[in-house]
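*Asks:*
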Amino acid sequence: MAREASASAQADMKEFDAVVVGAGFAGMYMLHRLRGLGLTARVFEAGDGVGGTWYWNRYPGARCDVESLEYQYGFSDEIQRGWTWTERYAAQPEILRYQNYVADRLDLRRDIQFETRVTAATYDERAGLWTVETDRGDRVTARFCVMATGCLSAARVPDFPGLGDYEGEWYHTGDWPHAGVDFTGKRVGVVGTGSSGIQSIPLIAEQASHLTVFQRTANFTLPAGNRPLAREEIEKSKETLLDDRAHARTTPGGIICFEYNETLAADMTPEERYRELDKRWHQGGFAFLGAFGDLMASPEANDVAADYARAEMRKVIRNPAVVDILLPDDHPVGVKRLCLDTHYLETFNEPHVDIVDVRAAPIERITPKGIVSGGKEYEVDCIVFATGFDAMTGALNSIDITGRNGTKLREKWAAGPRTYLGLGSAGFPNLFFITGPGSPSVLSNMIVSIEQHVDWISDCIRKLTAGNIRSIEARPDAEDQWVEHVNELASATLYPQANSWYMGANIPGKPRVFMPYTGGVGVYGEKLAEVAAADYEGFTLGS
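Residue numbers are given in numbering that gives the first Met the number 0: position 88 of the sequence shown equals residue 87, and the series is strictly consecutive.
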């Protein structure tokens, strides 16, 4: 009977050339490229629509921090000409509409299975195939398995004691109700002041009768300078996007809307430094971090920029009781994700908005009526957890991924993620990560990095298929060297000086390892090209 059941299960198992996990920007483009290779593919997506990050993050004020004219696909002139952005920094609803527009134009949905979460992926060495299982009982096989799970997709809800007893409503910014939330007349507590908190707090404050913000770490934030796009700049972008994208791939951050100043701060006069910082501050966006060539490497140069930023932030905070709480003083500027805001700091000038410094008065528990911090209970009708994500590795570790010899990916990565180029991990043949740990990923324009990775993976799969090569797998020695190289580059910067989600510091018990590659998109792209040109140096090709 057991043998018959096994045979029946095998008969029901579907076979594909490739399985892709996730239908955000990465999974959508990966599917398009696989189709172009003439391969069969199935995408599994937990949501009921495309979008990934922009499907789940529907909190008030959710907006991209990369300019919309650069935060779009650059692989198709036809697609980009058929879409017109309305704002300098696109809001979540517009980005999601764009993703659905692309899905329609490319007819992607017929190969995507929605409302399906992948639970396991197991490599069969003898067959050279991955078996992928889902929470809906699917079991499919594929030669290639591509993880397009996203760097910021595993929402982190703090495990405060008593949360299950809370009588009000609570929400996480990374899993927001699609129908929205009305805070009118309610007492609201927001926990967290990272990007999602800084974006949502001003809008929540407009509705709430009283808002209490619980802040662990003050963050550097600067005005986004968002505005409607002018017709002239839209038309110019449509004419130059493909060339702009090629240029973006040569830059450190995959962004071309500002120049990277290579001059060291010490080689500039105080007046020159101030003018450069002032120009970039008022330009908005990440241009500020490009003011000096050594801003992210030299403590002295960074101090100049941080002092300028704090002075500008101080100008808009009229409430003397909160100014010292809101100004960051424990980390260099830029080593945590630089936040862009619209009237965030001004919100704390309102009489119905309070802030609690939970570093001085830690949150102890959740009660049926509210939050206890520093021994004081704050009664609130709703709680918003703007506490971020288990970044880079959380979504991958939530899947039971098993490679050669029964090796579990989450066990291999227990002391920190180990990859070669952020693309693959030794012991896991034909398993690819898009913008995985060890690649520029979250330190770059994600669309540029996604396209860079998908193009490399697609070319690799094409060559393997054409050459009848069974598998590709990172070599352990190449992986070790790359991990060491990533760590060396990070240690030469100021990034490790902060307890950031780049380091996994927002997750209790997670190893403190700086996960992204700091060498920049351009340098990283050169390395990818070198590896491919050298017959995939650093990888083992199986016949």
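Beta carbons: idealized from backbone N, C-alpha and C, even for Gly.
Taking buried to mean at least 16 other C-beta atoms within 10 Å of its own C-beta, is R313 buried or exposed?
*Replies:* exposed
*Asks:* Taking P327 and A217 to be in contact with their CB atoms under 8 Å, please state how far apart those CB atoms are, rounded to whole angstroms.
*Replies:* 4 Å
*Asks:* Quick test of the definition: if touching needs 3 or more C-beta pairs under 8 Å, does the stretch 151-169 touch the stretch 82-97?
*Replies:* Note that the stretch 151-169 does not touch the stretch 82-97; fewer than 3 beta-carbon pairs, one per stretch, sit closer than 8 Å.
*Asks:* Quick check: the stretch 11-20 against the stretch 131-145, are there 3 or more CB pairs under 8 Å?
*Replies:* yes
*Asks:* So, is H452 buried or exposed, given that buried needs 16 or more other C-beta atoms within 10 angstroms?
*Replies:* buried
*Asks:* Can you name the start and end residues of the alpha helix (DSSP H) that K411 belongs to?
*Replies:* Segment L408 to K411, the alpha helix (DSSP H) holding K411.
*Asks:* How would you call A4, buried or exposed, if buried means at least 16 neighbouring beta carbons within 10 angstroms?
*Replies:* The predicted position of A4 is uncertain, since its pLDDT is 36 and thus under 50; no value can be drawn from it.
*Asks:* How is I433 classed by DSSP in three states: helix, strand or coil?
*Replies:* Coil.
*Asks:* Output the distance between the C-alpha atoms of V322 and I316, rounded to the nearest integer angstrom.
*Replies:* 6 Å
*Asks:* Locate the alpha helix (DSSP H) running through G426, then write down its first and last residues.
*Replies:* No alpha helix (DSSP H) holds G426; DSSP gives it neither H nor E.
*Asks:* Please list, in chain order, all residues of the same chain as S7 whose beta carbon is under 6 Å from its beta carbon, the five residues on each side excluded.
*Replies:* In this prediction, S7 scores a pLDDT of 38, lower than 50, which makes its location untrustworthy; the coordinate-derived value is nonetheless stated afterwards. Closer than 6 Å at Cβ, skipping near neighbours: no residue.
*Asks:* Please classify P59 as buried or exposed, where buried requires at least 16 other C-beta atoms within 10 Å of its C-beta.
*Replies:* buried
*Asks:* Anyone know if the C-beta pair for F388 and L408 falls short of 8 Å?
*Replies:* Their beta carbons are not under 8 Å apart, which means F388 does not touch L408 by this criterion.
*Asks:* Can you tell me which of the three DSSP states Y122 falls into?
*Replies:* In the structure shown, the three-state DSSP call for Y122 is strand.
*Asks:* Would you decide whether S490 is buried or exposed? Buried here means 16 or more other CB atoms lie within 10 Å of its CB.
*Replies:* exposed
*Asks:* Closer than 8 Å by C-beta to Q496: which residues in its own chain qualify, once you throw out the five before and the five after it? Chain order, please.
*Replies:* H330, P331 and V334
*Asks:* Rounded to the nearest angstrom, what separates D106 and V187 at their Cα positions?
*Replies:* 42 Å
*Asks:* With the cut-off set at 8 Å, would you say P439 and G374 are in Cβ contact?
*Replies:* no
*Asks:* List, from N- to C-terminal side, the beta strand (DSSP E) runs of 3 residues or more that fit wholly inside the stretch 39-114.
*Replies:* 40-43
*Asks:* Using only the heavy atoms of the ligand COA, determine whether one of them is closer than 7 Å to the beta carbon of Y377.
*Replies:* The ligand COA is not part of this structure, which contains no ligands at all.
*Asks:* Quick one: Cα of A308 to Cα of L221, how far?
*Replies:* 8 Å
*Asks:* Where does T539 fall in DSSP's three states?
*Replies:* strand
*Asks:* Who does E132 pair with in a DSSP beta bridge?
*Replies:* A119 and R138
*Asks:* From this set, I456, G292 and S75, which residue's C-alpha is nearest L33's C-alpha?
*Replies:* I456
*Asks:* In chain order, what residues of the same chain have a beta carbon less than 7 Å from the beta carbon of T148, not counting five sequence neighbours either side?
*Replies:* V20, G21, A394 and L395
*Asks:* For M146, write down the residues that DSSP places opposite it in a beta bridge.
*Replies:* Its beta-bridge partners are V20 and F432.
*Asks:* Which full runs of the alpha helix (DSSP H) of 4+ residues lie inside the stretch 234-294, going along the chain?
*Replies:* 269-282
*Asks:* Between E69 and N444, what straight-line distance do the alpha-carbon atoms span, to the nearest angstrom?
*Replies:* 8 Å
*Asks:* So, does the stretch 282-292 touch the stretch 250-260, judging by three or more C-beta pairs under 8 Å?
*Replies:* yes
*Asks:* Does the pairing of the stretch 203-215 with the stretch 351-361 give three or more beta-carbon distances under 8 Å?
*Replies:* yes
*Asks:* At what residues does the beta strand (DSSP E) containing L221 begin and finish?
*Replies:* T220 to P222
*Asks:* So I471 and Y535 are supposed to be a Cβ contact under 8 Å. How far apart are they, rounded?
*Replies:* 6 Å
*Asks:* Taking only the alpha-carbon atoms, compute the straight-line gap between T539 and M514 and give it to the nearest angstrom.
*Replies:* 24 Å
*Asks:* Only counting the same chain, and skipping five residues up and downstream in sequence, which positions put a Cβ closer than 6 Å to that of T183?
*Replies:* Q206
*Asks:* When you compare only the Cα positions, how much space is there between D277 and R41?
*Replies:* 49 Å
*Asks:* Should Q91 be labelled buried (16 or more other beta-carbon atoms within 10 Å of its own) or exposed?
*Replies:* buried
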